[in-house]
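> Numbering (our numbering), first residue to last: 19 to 432.
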Ligand SMILES: Cc1ncc(COP(=O)(O)O)c(C=O)c1O
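Right under this line is the structure:
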């Protein structure tokens, strides 16, 4: 459920008409609903309330400082993958003891910064990382808490570009190697093994692979404990899918049960790293029609948003619902909704049924743009990045201003 609804023939975000946002801040613009964010966050927290769980929000999904502040205020920690995400999270008030650092290629300077900040744990993804973190910790005179990211070779049954739990991907290590890493960690006074984990993919709609991965990790953790390793947690990553179109994603309670039925008997703390499920349906991309165009084969609706603002349709072929802001009564017509960028791949939707009466100046909005929207935006075609507006009831706040032309080349001037 979200708070983008049609009231008296026009679409609102909570109590603010989208048309007013467009009028005040221009288009394209990301619009987020605070009530939706809190609802999604609270549902997730409630689902895991019966068991010691640390939810670490995957900052990569949307890293806006104001959204991070809200998420940390709900009690979430963060899953970070870069120095930028570390510093962003701390700026937004994250508790360092609720930060886990993931990623297959952490640089020495990134490890050093995270160690200085005394984060909760590093998720290790290779033998080389054991040596690297151990050496950085030695230089700093610190002990690094580390966790082993296992690759369980389980197919998450999602888009291949966001499948991360198979041996054909770069992520994690096989169990045998993870056990050898655990032995090496035991010998290093600079390292303390505190957990094991995995992350098998994103936009997962079938809980079976998740449940299977949880069972495998629970068994793996028990094996390490039998060898005398004192673990504190199992990190099951993120990945829960959301509804973009007609998908029926699992409810948070079903997700919790799928994980907890395997993790509960271990008694270990559970970590999860939700991203999309928290923020995906919190945001939309508001855009204005520039022109209608007809070719011998197709009808196009050209809008002022583009693939640089929301790359998911071009990159993953993913579906985003597209709706007119004002109610139209005209018959529907099939059209492609495209941006102004010089690529045929610059589209938001193909063969969509939208009102035939849509014309230049009308507003349309692209749903489910809260996750991997602004976070993946670029300047491609020298387009300044769109602003982000947070709506709270009848209030609206600019949480990232629109970039200016000067912003485009500011870093290129001597
Ligand atoms: C290690 C890790 N954790 C969490 C996530 C978040 O995934 P999602 O947004 O699907 O919840 C990702 C996404 O790629 C990830 O790589």
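Quick reminder that beta carbons are idealized off the backbone N, C-alpha and C, glycines included.
(1) Out of 380, 158 and 102, which one is the CA nearest neighbour of residue 308?
(2) From this set, 388, 417 and 80, which residue's C-alpha is nearest residue 300's C-alpha?
(3) Please report the distance separating the alpha-carbon of residue 178 from that of residue 428.
(4) Whole angstroms are fine: how far does the CA of residue 67 sit from the CA of residue 61?
(5) Under three-state DSSP, which class holds residue 86?
(6) Between which two residues does the beta strand (DSSP E) containing residue 370 stretch?
(7) Once you ignore the five residues that flank residue 199 on each side, which residues in its own chain have a CB closer than 8 Å to its CB?
(8) Report the option in 83, 343, 378 and 269 whose CA atom is closest to the CA atom of residue 25.
(9) Ligand 1 and residue 78: does the residue's C-beta get closer than 7 Å to at least one heavy atom of that ligand?
(10) Does the beta-carbon of residue 389, which I'm using as the reference point, lie nearer than 7 Å to any heavy atom of ligand 1?
(11) Counting along the chain, where does the alpha helix (DSSP H) carrying residue 127 start and finish?
(12) Do you know how far the Cα of residue 306 is from the Cα of residue 323?
(13) Shortest alpha-carbon distance to residue 318 belongs to which of 333, 347, 357 and 113?
(14) Cβ-heavy atom distance between residue 342 and ligand 1 below 7 Å?
(15) Roughly how many angstroms lie between the CA atoms of residue 55 and residue 348, to the nearest whole one?
(16) Taking the CB atoms as reference points, tell me whether residue 69 and residue 89 lie closer together than 8 Å.
(17) Using 8 Å as the cut-off, can you tell me whether the segment 283-300 makes contact with the segment 363-378, which would need three or more C-beta pairs spanning the two stretches below that distance?
(18) Can you name the residues that DSSP bridges to residue 102?
A quick look at the data gives this:
(1) 380
(2) 388
(3) 37 Å
(4) 10 Å
(5) helix
(6) 365-373
(7) Contacts found: 142, 145, 148, 166 and 191.
(8) 343
(9) Under cutoff, so the answer is yes.
(10) Checking the Cβ of residue 389 against ligand 1 gives yes.
(11) 126-134
(12) 8 Å
(13) 357
(14) Checking the Cβ of residue 342 against ligand 1 gives no.
(15) 34 Å
(16) no
(17) no
(18) For residue 102, which the question treats as bridged, DSSP gives no partner whatsoever.
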